[in-house]
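Below is one structure, written out as structure tokens, with a few remarks after it.
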Amino acid sequence: MPRQKGLNLTDRDLEVLKYLAVGPAFADDLHLRFFVGRGKTISRQAFERRMWKLTDACCITRFTPFKIRGRNPIQHKPVFSIGEEGIAALISEAVMPIDRIRRVRLNRPFLFHEIIVSRFVRRVYEGEPRRYRVIRLYDHAMLAKQVQKVRVKRIPDLRFTVQLSNGSYFSYLVEIDAGTTHTPEFVQKLAAFIQLSRVLAPVNSKDPVGILIVCHTGDRMAVLQRAVMESHVTVNVANKFLFSTIHNVDNSLGLLNPWYKADGAKIEMIFKDRGRSSEIRSTQTE
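Pasting the structure below:
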């Protein structure tokens, strides 16, 4: 049993740290996911005591957002992220590769956005190894370093590449929309992402490269789909974008849940495990 600053870490502690290594999470999420015994959740008091011990041992960090009138109550609950001692524990126990640990600094303006980013990243990794293998996953900070010599106005939240069992590769840029960006500005973002996708694509690559847009609600997704189809900036490249909501991505199939084009066409599967075809199978929504 690993020991961090006088605290003996349990198997459950390591699972919590592994979960937070991908990104921050709300207290309620951690409580319901990990603190369960005999078919029901452990008391809130027991949960809080353990989280404070992990915090005191610098295994995790705690952030409590200010209350904002009209916001969902869960957004006022404490948020936890992995701390330096937690990272050290995961590395020493070989629980998780260091290149998959995301260090996230918690701050109020971008907190809700970062929570959604983290939820998406978890779903990408949870598809391994049964459905694909994740070759690389870069977040915004990593991408910024990668393209610092290229004049790019906007950088998406993520880029990831997966390999299917037949050897084919699929690469995607991902933009997480939490509803805080004005629609005209968002359209300009997408135009910049098209340029970036060309810069990042391997030379002579025939593998599919797409841009996934993950929205926090279905209503917001509909607004952005309509904006893409109506803007002269994006209408001619609208087939490059696929839309979904974080709720849909959180479903049991993760990335393999249906996605939608800007015109509403439904994409049953963004990966094809037959040959190296770059075509994407789609059906028109009724």
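First residue of the sequence shown: 1, per the numbering used here; consecutive thereafter. C-beta atoms are modelled at their ideal positions from N, C-alpha and C, and glycine is treated no differently.
Could you name the residues that DSSP lists as bridge partners for Val-36?
-> Thr-41
With DSSP run on the structure shown, which of helix, strand or coil describes Ala-144?
-> helix
Kindly give me the distance between the Cβ atoms of Arg-102 and Gly-23, rounded to whole angstroms, as I take these residues to be in contact under 8 Å.
-> 5 Å
So, using beta-carbon positions, are Val-124 and Phe-170 closer together than 7 Å?
-> no
Between the CA atoms of Leu-224 and Asp-157 - distance to the nearest angstrom = 17 Å
Could you say which of Ile-246, Gly-83, Ala-222, Ile-267 lies nearest to Ala-57 if we only look at CA atoms?
-> Gly-83
Run the CB neighbour count on Val-235, radius 10 Å, all protein chains shown included, and call it buried at 16 or more, exposed below.
-> exposed
Pairwise C-alpha distance: Gly-210 and Phe-193 | 10 Å
How would you label Ile-60, buried or exposed, when you count the other beta carbons within 10 angstroms and need 16 or more for buried?
-> buried
Alpha helix (DSSP H) segment containing Tyr-19, residue limits = 11 to 21
For the segment 92 to 101 against the segment 35 to 42, are there 3 or more C-beta pairs whose distance is under 8 Å?
-> no
Whole-angstrom distance between Lys-266 and Thr-79, CA atom to CA atom | Residue identity check: residue 79 is Val in the sequence provided, not Thr. Distance between the alpha carbons of Val-79 and Lys-266 is about 35 Å.
May I have a chain-ordered list of the beta strand (DSSP E) segments no shorter than 3 residues that lie completely inside the segment 92 to 151?
-> 133 to 139
Alpha helix (DSSP H) runs contained entirely in the segment 181 to 240, provided each spans 4 or more residues = 183 to 200, 218 to 230
Compute the distance between the beta-carbons of Pro-65 and Leu-111, then report whether it is under 7 Å.
-> yes
Touching or not, the segment 248 to 257 and the segment 227 to 234, by the rule of three or more beta carbon pairs under 8 Å?
-> no
Give me whichever residues DSSP pairs with Val-162 in a beta bridge.
-> Val-134, Phe-170
Assign His-31 to buried or exposed, taking buried as 16 or more other Cβ atoms, counted over all protein chains shown, within 10 Å of its Cβ.
-> buried
Own chain partners of Lys-153 with C-beta closer than 6 Å, once the 5 adjacent residues on each side are dropped = Ala-192
Residue span of the beta strand (DSSP E) that contains Ile-267, given as start and end = 266 to 269
Considering only residues of the same chain and omitting the five flanking positions on each side of Leu-106, which have a CB-CB separation below 8 Å?
-> Pro-24, Thr-61, Phe-63, Val-79, Ser-81, Glu-114
Counting only the same chain and skipping the five closest in sequence on each side, list residues whose C-beta sits under 8 Å from that of Gly-6.
-> Ala-57
Got a sec, what are the start and stop residues for the beta strand (DSSP E) Ile-60 sits in?
-> 60 to 63
Following the continuous beta strand (DSSP E) through Ile-155, name the residue where it begins and the one where it ends.
-> No beta strand (DSSP E) contains Ile-155, which DSSP labels as neither H nor E.
For Asp-29, which residues does DSSP report across the bridge?
-> Asp-29 pairs with nothing; no bridge assigned.
Close beta carbons around Gly-218, own chain, < 7 Å, minus the five adjacent residues each side = Thr-245
Give the C-beta separation of Ile-116 and Ala-178 to the nearest angstrom, bearing in mind that I take them to be a contact with Cβ-Cβ under 8 Å.
-> 6 Å
Could you check what DSSP says for Leu-54 in three-state terms: helix, strand or coil?
-> helix
Residue range of the unbroken alpha helix (DSSP H) whose run includes Asn-248 | 246 to 249
What's the call for Ile-176, buried or exposed, on a 16-neighbour Cβ count within 10 Å?
-> buried
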